[in-house]
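2 protein chains.
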Amino acid sequence: MGIIVQKYGGTSVADSQKIKNVAKRITQSHKDGNLVVVVVSAMGGSTDQLINLALEISEKPPERELDMLLSTGEQVSIALLAMAVSELGFQAISLTGNQVGIITDGFYSNARIKSINNDRIHSELNQGKVVILAGFQGISIDDEITTLGRGASDTTAVAVAASLNADRCEIYTDVDGIYTSDPRMVESARKLDQITYDEMLEMAGLGAKVLHSRCVELAKKFQVPLSVRSSFHEGEGTIVTKENKIMEEVVISGVTSDKDQAKISLIGLPDTPGVAAEIFQALADASINIDMIIQNASQDGTADLSFTTAEKDLDKTIEIVSEIKEKTGFNNVNKDCNIAKVSVIGIGMKSHVGIASKAFRALADAEINIQMISTSEIKISCVIQEDQTENAVQIIHDAFELGQIDSNA
Amino acid sequence: MGIIVQKYGGTSVADSQKIKNVAKRITQSHKDGNLVVVVVSAMGGSTDQLINLALEISEKPPERELDMLLSTGEQVSIALLAMAVSELGFQAISLTGNQVGIITDGFYSNARIKSINNDRIHSELNQGKVVILAGFQGISIDDEITTLGRGASDTTAVAVAASLNADRCEIYTDVDGIYTSDPRMVESARKLDQITYDEMLEMAGLGAKVLHSRCVELAKKFQVPLSVRSSFHEGEGTIVTKENKIMEEVVISGVTSDKDQAKISLIGLPDTPGVAAEIFQALADASINIDMIIQNASQDGTADLSFTTAEKDLDKTIEIVSEIKEKTGFNNVNKDCNIAKVSVIGIGMKSHVGIASKAFRALADAEINIQMISTSEIKISCVIQEDQTENAVQIIHDAFELGQIDSNA
C-alpha cells in the first residue's frame with residue numbers, strides 16, 4: 001500500500017462541522033486502501049486570537065514563549081480531528097511535532113526542519129491507524145518547541161511526505177487548484193491539470209498565494225508530487241510535479257500580478273564603478289529585498305538608477321538611500337507606488353521563441369506602457385501603471401489563449 | 001536561597017490583566033530573594049470551552065485525544081505568564097509537563113505522577129529565571145500526554161514542591177484561606193491561621209472545596225507546608241501543616257456540610273450472615289462509593305439496612321440493589337434525597353472528651369433530629385434533614401465558639 005500525505009489548512013478545519021467533513025475525506029482515502037498521514041493547521045482564526053492575547057500582555061513577547069503559545073493551535077486541531085475520525089469508526093492517533101520527532105534548527109518563529117523521525121509514524125500506520133500530525137511546529141535538539149513561520153504547515157506536509165517517500169502530498173485548501181490567472185480578475189481563467197515545480201515557484205513568488213515558495217522548493221528538491229485541491233468540493237485539482245513531455249508542449253501556464261510594488265529612482269548618479277554596489281549593499285544590510293533594477297546612462301556622464309521593492313519597504317528604503325546620498329553623490333530620489341508587476345510564466349518558454357515579443361505587442365496594442373522588464377528562463381515580468389493591472393492581465397491571458405484548453409501558444 | 005512553589009488557579013489567570021497581576025506577585029517573591037517556581041492552571045473557562053468543542057465532535061471522545069486537547073490550556077497560560085514576567089524586566093521560562101519531565105502512569109484523564117525530573121528546573125533557576133510550569137499534565141514513559149484529572153494543578157504544585165524539597169508551596173486561589181465554616185452559610189466563620197493535614201483531608205472530603213484531597217494527601221506524605229491564600233488580596237492565608245503543640249490545644253477547626261447525599265434503606269432483610277457483604281460487593285463492583293451504614297435488627301428476625309451515597313449515584317444504586325432483591329431476600333427499598341451530612345472536624349478530639357455529646361446536645365436543643373452518625377478519630381458526622389443544614393451548621397459553629405479567636409472548646 002502507498003502512503004498518501006494530506007494537508008488541511010485552517011479554513012478547512014475552522015469549526016467542528018468542517019472538521020467532521022475533513023474526517024470523511026480522510027477515511028475515504030483510508031478505505032481506498034491508502035496509508036494516510038494527515039498534517040493539520042490550527043483552526044482558522046485561532047492563531048490570530050492567540051497572537052492578540054500575547055499582544056495584550058507584551059508588545060514584543062519573547063519569541064520562545066510565542067512559539068510555546070502558538071504551537072497549541074495545531075495541538076487543538078489534531079486532537080479534534082482524531083476524535084472526528086474515531087467517531088466514524090476508524091482508528092486515529094494525533095501526534096505533536098515533539099512526538100513525531102520533527103527536529104528543527106531551533107530558530108524560534110522561523111525554524112527550519114532538520115530531520116524527521118519516521119519510526120512512530122510507521123509504527124502507528126502499521127497498526128492500521130490514520131496518523132494526524134501537527135503542522136507548523138517542531139522541536140529543537142534542546143527540547144524547545146519551535147514554529148516554522150506562518151503558513152508553514154504546507155512545508156511540514158511536504159517534508160513528511162519526502163521523509164516517508166510518500167506516493168504524493170495532497171494540499172487541501174479553499175481553492176480548486178492552480179489557475180492560469182486569478183479567477184477574480186480574469187473570468188476566463190482556467191484550472192491547470194498540472195504545472196511544474198519551477199513554474200509554481202515563479203507563480204508563488206509573483207503573487208499567486210495558494211502555495212508558499214518554501215513548500216514548493218522542498219517538493220522540488222525531493223521530487224514529491226503535490227496535488228492542490230479543494231477541501232470543500234470534489235475534483236482532481238492541480239498536480240505540481242517535475243517537467244514532462246506533455247508539459248513542455250504547453251508554452252504558458254499562467255499570468256500573475258502583484259500590486260504590492262514600489263519603484264524608487266535615484267537621479268544623477270555619478271557614472272563610476274562601485275556606486276550601485278554601495279547602494280544595494282546598504283539595502284541588503286537592512287534586509288530589504290530588491291526585485292528589478294534598471295540603470296540608464298545619460299549624456300552628461302551621470303546615470304539614473306531605478307529599482308523596485310515591496311510597497312511596505314518603501315519608507316525604509318527611502319530612508320536608507322537618503323542616508324548615503326552625499327556619499328554616493330546622486331541628486332534626487334523619486335518614488336512611485338502607483339505601479340504593479342504583471343508576469344507571464346511557462347516552462348515552454350525555454351524551447352519556444354517569440355513569447356516576450358508577443359506579450360509586449362499585446363500590451364502595446366492596448367496602449368499599456370511598460371516601465372521595466374525582467375526575465376528568467378521561464379518568466380517575463382513587466383512593471384506597468386497600477387490602475388492598468390486588471391486590463392493587462394486580461395489582455396495577456398487572451399493573447400496566449402489561456403482560457404482555452406487545447407492550445408495556448 | 002530557599003525555593004518557593006506558587007500555584008495559581010484558573011480564576012487567577014482568567015484574562016490578560018489578571019495574568020499581569022500574577023506576574024507582579026511572582027516577581028515580588030523573586031525580589032524578596034526566593035527561587036520561584038510557578039505552577040499554573042488553564043485560563044478560567046478555557047478547559048470548558050475545549051471540552052465543549054470536543055463534545056461537538058464526539059459524545060464520548062477517546063481519552064487520549066481529550067488529554068491531547070486539554071493539555072493545551074495550561075500551555076497557553078504558562079506562555080502568557082512567562083511573557084508577563086519578562087515584560088516586568090525579569091527572566092522567565094515556561095515549561096510543559098513533557099519539558100520538565102513529569103512522568104505519569106499513563107492513565108489518560110486521571111494519571112498519577114510517578115516521578116519528576118528536577119534537572120531542567122534547577123538549571124533554569126540557577127540562571128536566575130522564574131520557572132513557570134504547566135499544571136495538570138504529564139507525560140507517560142511512552143511519550144504520551146496525560147492529564148491528572150480536573151483541579152489537579154494543586155497536585156502538580158505539591159509534587160513539584162516535594163521533589164524540589166521546597167520551603168513551602170503557596171496555593172493562590174479565589175478565597176482568603178481555610179475557614180471554620182463556609183462563610184456564605186455562617187456569617188461568623190473565621191479564617192484559620194493553621195490547620196493540620198488530617199483536618200484538611202477531612203474538610204476536603206466533607207465538602208470544603210478549596211483544596212483537593214489528593215493534593216493534601218501528597219503534602220502530608222512529603223510533609224510539604226501548604227499556604228492557602230488569595231491571589232487577589234494581600235494577607236497570610238492559612239497554613240496546612242503537620243500537627244504541633246499549638247494546634248492540639250484547638251479542639252475544633254471547622255464545621256462542614258454536604259447536601260449531595262442520599263439515603264437508601266432496605267427493609268426486612270433476612271438477619272443471616274453474608275447478606276450485607278453481598279449487597280456492598282455488588283455496589284463496589286459498580287464503583288459506587290458508600291459512606292455511612294446502619295443496620296437495625298427487628299424483633300421478627302429480619303433487619304433494616306440503611307446507607308448513604310452521593311445523590312448523583314442514587315438511581316444506579318437503586319437499580320443494582322433491585323437486581324439482587326430476590327437473591328438477598330429483602331422486602332422493600334426506600335430512598336431519601338432530602339438529607340445532608342454535617343460534620344465537625346478537629347485534631348484536638350483525640351485528646352478531649354465530650355465533643356460528640358456537645359454537638360448532639362446542641363442539635364437536640366434546636367430540635368434537629370439526627371438520623372445517622374459516623375465518627376473517626378478527628379471527625380463526627382451526622383445525617384440530618386436537608387432543609388435544616390444551614391441551621392445545624394450555625395448551631396454547631398456557635399456551640400464550639402468557632403467565631404471567636406481565643407477559645408473554642
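Chains P and R, in that order, are what the protein sequence lines are.
FYI, this note's numbering numbers position 372 of the first sequence as 372, with every residue one higher than the one before it.
FYI, this note's numbering numbers position 243 of the second sequence as 243, with every residue one higher than the one before it.
From the three backbone atoms N, C-alpha and C, an ideal C-beta is built for every residue, glycine too.
Does the separation of the CB atoms of residue i and residue j fall below 7 Å?
| i | j | result |
| --- | --- | --- |
| Asn-369(R) | Gly-268(R) | no |
| Ile-396(R) | Cys-382(R) | no |
| Ile-3(P) | Ala-82(P) | no |
| Leu-69(P) | Ala-54(P) | yes |
| Ser-181(R) | Val-393(R) | yes |
| Thr-238(P) | Leu-192(P) | yes |
| Ala-134(R) | Ile-171(R) | no |
| Leu-283(P) | Ile-320(P) | yes |
| Thr-309(R) | Ile-279(R) | no |
| Asp-271(R) | Ala-219(R) | no |
| Glu-74(R) | Gln-137(R) | yes |
| Cys-215(P) | Val-158(P) | yes |
| Glu-367(R) | Lys-259(R) | no |
| Ile-378(R) | Met-349(R) | yes |
| Ser-357(R) | Glu-56(P) | no |
| Leu-305(R) | Leu-363(R) | no |
| Asn-110(R) | Gly-149(R) | yes |
To the nearest angstrom, how far is the alpha carbon of residue i from that of residue j?
| i | j | result |
| --- | --- | --- |
| Lys-18(P) | Gln-127(P) | 27 Å |
| Ala-14(P) | Ser-227(P) | 21 Å |
| Ala-277(R) | Ser-231(P) | 60 Å |
| Thr-389(R) | Gln-261(R) | 12 Å |
| Gly-346(P) | Leu-66(R) | 48 Å |
| Val-224(R) | Ala-152(R) | 16 Å |
| Ala-204(P) | Leu-211(P) | 6 Å |
| Tyr-108(P) | Pro-62(P) | 9 Å |
| Gln-235(R) | Arg-229(R) | Per the sequence shown, residue 235(R) should be read as Gly rather than Gln. In a straight line, the C-alpha of Gly-235(R) is about 7 Å away from that of Arg-229(R). |
| Gly-33(R) | Lys-114(R) | 31 Å |
| Asn-117(R) | Ser-58(R) | 35 Å |
| Thr-72(P) | Ile-141(R) | 22 Å |
| Ser-123(R) | Asp-167(P) | 45 Å |
| Asp-406(R) | His-352(R) | Residue placement at Asp-406(R) is poorly supported in this model, since its pLDDT is 48, which falls under 50; the coordinates are not used for a value here. |
| Pro-273(R) | Ala-42(R) | 52 Å |
| Lys-7(P) | Gly-329(P) | 53 Å |
| Thr-104(R) | Val-5(R) | 20 Å |
| Ala-359(R) | Lys-209(R) | 23 Å |
| Glu-326(P) | Asn-391(P) | 41 Å |
| Thr-11(P) | Asp-154(R) | 37 Å |
| Gln-28(R) | Ile-380(R) | 42 Å |
| Glu-199(R) | Val-344(R) | 10 Å |
| His-233(P) | Ser-163(R) | 55 Å |
| Ile-121(R) | Val-40(R) | 15 Å |
| Asp-314(P) | Gln-281(P) | Per the sequence shown, residue 314(P) should be read as Leu rather than Asp. Between Leu-314(P) and Gln-281(P), the C-alpha separation is close to 16 Å. |
| Gly-45(P) | Leu-80(P) | 16 Å |
Quickly, what does DSSP pair residue i with across the bridge? List them, please.
| i | result |
| --- | --- |
| Ile-384(R) | Ala-340(R) |
| Val-39(P) | Lys-7(P), Leu-133(P) |
| Ala-310(R) | Gln-261(R) |
| Glu-170(P) | Gln-6(P), Ser-227(P) |
| Gln-295(R) | Leu-305(R) |
| Tyr-179(P) | Lys-191(P) |
| Ala-92(P) | Val-130(P) |
| Val-333(R) | Leu-266(R) |
Exercise. So does the region 386-405 of chain P actually touch the region 3-22 of chain R, counting three or more Cβ pairs closer than 8 Å?
Worked result: no
Exercise. Which of the residues in the region 93-109 of chain R, read from start to end, lie with their CB under 8 Å from any CB of chain P?
Worked result: Ile-93, Ser-94, Thr-96, Asn-98, Gln-99
Exercise. Going along the chain, which residues of the region 42-57 of chain P sit with their C-beta nearer than 8 Å to a C-beta in chain R?
Worked result: Leu-50, Leu-53, Ala-54, Glu-56, Ile-57
Exercise. Is the number of C-beta pairs between the region 321-339 of chain R and the region 250-258 of chain R that are closer than 8 Å three or more?
Worked result: no
Exercise. Counting pairs of beta carbons, one from the region 166-177 of chain R and one from the region 115-127 of chain R, are three or more of them closer than 8 Å?
Worked result: no
For this session: Count the C-beta pairs between the region 41-56 of chain P and the region 88-102 of chain P that are closer than 8 Å, then say yes if the count reaches three, no if not.
Result: no
Exercise. In the region 261-279 of chain R, which residues sit with their C-beta less than 8 Å from some C-beta in chain P, listed in chain order?
Worked result: none
For this session: With 9 Å as the limit, tell me which residues of the region 4-26 of chain R have their beta carbon closer than that to any beta carbon of chain P; keep them in chain order.
Result: Asp-15, Ser-16, Gln-17, Ile-19, Lys-20, Ala-23
For this session: With 7 Å as the limit, tell me which residues of the region 143-170 of chain P have their beta carbon closer than that to any beta carbon of chain R; keep them in chain order.
Result: Asp-143
Problem set entry | Against chain R: residues of the region 112-136 of chain P by CB proximity under 7 Å | none
Exercise. Got a sec: which bits of the region 220-234 of chain P sit with their beta carbon under 9 Å from any beta carbon on chain R, in order along the chain?
Worked result: none
Exercise. Taking Cβ-Cβ distances below 9 Å as the criterion, which residues of the region 69-88 of chain R are in contact with chain P?
Worked result: Leu-69, Leu-70, Ser-71, Thr-72, Gly-73, Gln-75, Val-76, Ile-78, Ala-79, Leu-80, Leu-81, Ala-82, Met-83, Ala-84, Ser-86, Glu-87
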